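Undergrad: Going by this note's numbering, the letters in the sequence shown line up with residues 367 to 685, in that order.
Got a structure here, written out as structure tokens. Questions coming.
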Amino acid sequence: MKSIAIRNAILCVCAWAFIPVVSRFGQTDLNNHQFLFWSSLFSFLALLLVSWKSGRLNELKTYRARDWISASALGLLGAYLYFLLLYQGYAEGKGMEVLVIQYTWPIMIAALAPVILKETLGIRNVVAIVLGFAAVFTVLTRGHYTEFSVARPDLMGWVGLGAFCFALFCVFSKKIHLEPLSLTMVYFGVATIASFISMMATDGFAMPTTPQSWFIVIATGFFVNGLSDALWFWTLRQAPASFLAPFTFMTPIVSTGYMLIFFNEPFEWAYAGALILIVAAGLVNTLDLAVLRQRIKRRDQVLPTATDALEPTIASSDN
């Protein structure tokens, strides 16, 4: 069963890692509001179909008024604002810079959880935060730590704000206890409505103008964001979240490979160092050293497996 879970987790990571690619190609004839509207619409339709076929659609009947309010607020944070600012970043900025700033959200979670959820700020959290800020500083200076070298600091600020929105989304998601598949469908429904409003308020309604653009929009909605989320939720039923969580930290590494292939972007060693710091920060924030110590103290001296050493994290977060 775990082999199937591993395969599905890798498929999800490979799909999520396409976000930088589809963001760039999908905005050749659309702006970020328009691209978000169409991709969110197809994500909503994909999850609506899966929810209906699996019987999860009936879960919406159990929602109370406050559930709809909470789900709508989370949808605005995690499915609208996060992707809106992220798409803008990839359309206008350097992909590697945007990628590293994008994946600061796990580090922001480590900083926000003690404040919002009153969780204990442990050594792991502090180390993760320090590593995360070191990664951002490495990108902003490109490894020359006495120089500030970034082409669009304002744009990186917007991407950072998007990452902050997604971190808030993840933290507040711990307080909502609803069926995840139908809930994610609601998130993308909210994003569809919000992006339609912002699209009409900015440059107006627009449709993809080429077959390639339609393919990118549909692929983004159905596969990169929609069905990959459904597959992830199904996979979480097959294996513990603690076992699957480390796979999510592969996403920026796979994204780097995609960008080198599709965009032929110049790769600087500072970016590699920043990626290593980001992945290390995520793993440090996930690793439960207490489990390691307890297992080592056992009489049989059996070393813990990687699964035992990892505590549940926000494993349902895809980007």
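By construction, the Cβ of each residue, glycine as well, lies at the ideal position given by its N, Cα and C atoms.
All figures in this text were calculated on a predicted structure; none of them were measured in a lab.
Once DSSP output is grouped into helix, strand and coil, what is the label at Leu534?
TA: Indexing the sequence shown from 1 puts residue 534 at position 168. Helix at Leu534.
Undergrad: How should Val481 be labelled, buried or exposed, when 16 other C-beta atoms within 10 angstroms of its C-beta is the threshold for buried?
TA: Here residue 481 is taken as the residue at index 115 of the sequence shown, counted from 1. Flag for Val481 reads exposed.
Undergrad: State the Cα-Cα distance for the pair Phe588 and Thr622, rounded to the nearest angstrom.
TA: Translated into positions along the sequence shown, residue 588 becomes position 222. Translated into positions along the sequence shown, residue 622 becomes position 256. One C-alpha to the other measures close to 22 Å.
Undergrad: Closest by CA to Leu411, which one among Val556, Phe613 and Gly639?
TA: Indexing the sequence shown from 1 puts residue 411 at position 45. Residue Val556 is the option with its Cα nearest to Leu411.
Undergrad: How many whole angstroms separate the CB atoms of Trp382 and Thr550, which I take to be in contact at a CB cut-off of 8 Å?
TA: For this step, residue 382 is matched to residue 16 along the sequence shown. For this step, residue 550 is matched to residue 184 along the sequence shown. Their Cβ separation, rounded to whole angstroms, is 14 Å, which puts Trp382 and Thr550 out of contact at 8 Å.
Undergrad: Enumerate in chain order the residues of its own chain whose CB-to-CB distance from Ser564 is below 7 Å, with the five nearest sequence positions on each side excluded.
TA: Indexing the sequence shown from 1 puts residue 564 at position 198. Taken in chain order, the residues that qualify are His399.
Undergrad: Please tell me whether Leu396 and Gly455 are closer than 8 Å, where the distance is taken between their beta carbons.
TA: To locate residue 396, count along the sequence shown from 1; it is residue 30. To locate residue 455, count along the sequence shown from 1; it is residue 89. Contact flag unset, no.
Undergrad: What does the Cβ neighbour count give for Ser561, buried or exposed, with the cut at 16 atoms within 10 Å?
TA: Residue mapping note: residue 561 aligns to position 195 of the sequence shown, counting from 1. Counting Cβ neighbours within 10 Å, Ser561 comes out buried, since at least 16 surround it.
Undergrad: Nearest-angstrom Cα distance between Trp471 and Gln578?
TA: For the purposes of this step, residue 471 is identified with residue 105 of the sequence shown, where counting begins at 1. For the purposes of this step, residue 578 is identified with residue 212 of the sequence shown, where counting begins at 1. Their backbone Cα atoms lie some 31 Å apart in a straight line.
Undergrad: For Leu413 versus Phe609, is the C-beta spacing smaller than 8 Å?
TA: The sequence position of residue 413 within the sequence shown is 47, counting from 1. The sequence position of residue 609 within the sequence shown is 243, counting from 1. Cβ atoms of Leu413 and Phe609: not closer than 8 Å.
Undergrad: Use the C-beta contact count for Thr679: other C-beta atoms within 10 angstroms, 16 or more gives buried, fewer gives exposed.
TA: Along the sequence shown, read from residue 1 onward, the residue named residue 679 stands at position 313. Residue placement at Thr679 is flagged as unreliable, the pLDDT there being 44, under the threshold of 50; the coordinate-derived value follows with that caveat. Buried: at least 16 other Cβ atoms inside 10 Å.
Undergrad: In three-state DSSP terms, what is Met573?
TA: Residue mapping note: residue 573 aligns to position 207 of the sequence shown, counting from 1. Three-state DSSP puts Met573 in coil, outside helix and strand.
Undergrad: Tell me the rounded alpha-carbon separation between Gly526 and Ile467.
TA: Counting from one through the sequence shown, the residue named residue 526 turns up at place 160. Counting from one through the sequence shown, the residue named residue 467 turns up at place 101. Distance between the alpha carbons of Gly526 and Ile467 is about 6 Å.
Undergrad: Which same chain residues, not among the five before or five after Ala647, have their C-beta less than 6 Å away from its C-beta?
TA: Reading the sequence shown from its first residue, position 281 is the one you call residue 647. Once the five neighbours on either side are set aside, the close Cβ partners of Ala647 are Ile473, Ala494, Leu497 and Gly498.
Undergrad: In whole angstroms, what is the alpha-carbon distance linking Leu544 and Trp434?
TA: Here residue 544 corresponds to residue number 178 of the sequence shown, with the count starting at 1. Here residue 434 corresponds to residue number 68 of the sequence shown, with the count starting at 1. Cα-Cα distance, rounded: 11 Å.
Undergrad: So what's Tyr637 in DSSP terms, helix, strand or just coil?
TA: The residue you call residue 637 lines up with position 271 of the sequence shown. DSSP places Tyr637 in helix when its eight states are reduced to three.
Undergrad: Under the three-state reduction of DSSP, which class applies to Gln454: helix, strand or coil?
TA: Indexing the sequence shown from 1 puts residue 454 at position 88. Helix, per DSSP.
Undergrad: To the nearest angstrom, report how far apart Val362 and Thr575 are at their CA atoms.
TA: There is no way to answer for residue 362, as the model of the chain reaches only from 367 to 685.
Undergrad: Specify, as a first and last residue, the run of the alpha helix (DSSP H) that Gln468 falls within.
TA: Residue mapping note: residue 468 aligns to position 102 of the sequence shown, counting from 1. Here the alpha helix (DSSP H) through Gln468 covers Gly461 to Gln468.
Undergrad: Helix, strand or coil: which one does DSSP assign to Gly441?
TA: If you number the sequence shown from 1, residue 441 lands on position 75. Here Gly441 sits in helix by DSSP.
Undergrad: Flag Thr504 as yes when its Cβ comes closer than 7 Å to any non-hydrogen atom of the ligand HEM, and as no otherwise.
TA: This structure simply doesn't include the ligand HEM, nor any ligand for that matter.
Undergrad: Quick check: the Cα distance between Leu440 and Leu447, rounded to an integer number of angstroms?
TA: As a first step, residue 440 is located in the sequence shown; it is residue number 74 there, counting from the start. As a first step, residue 447 is located in the sequence shown; it is residue number 81 there, counting from the start. Leu440 and Leu447: Cα-Cα distance of roughly 10 Å.
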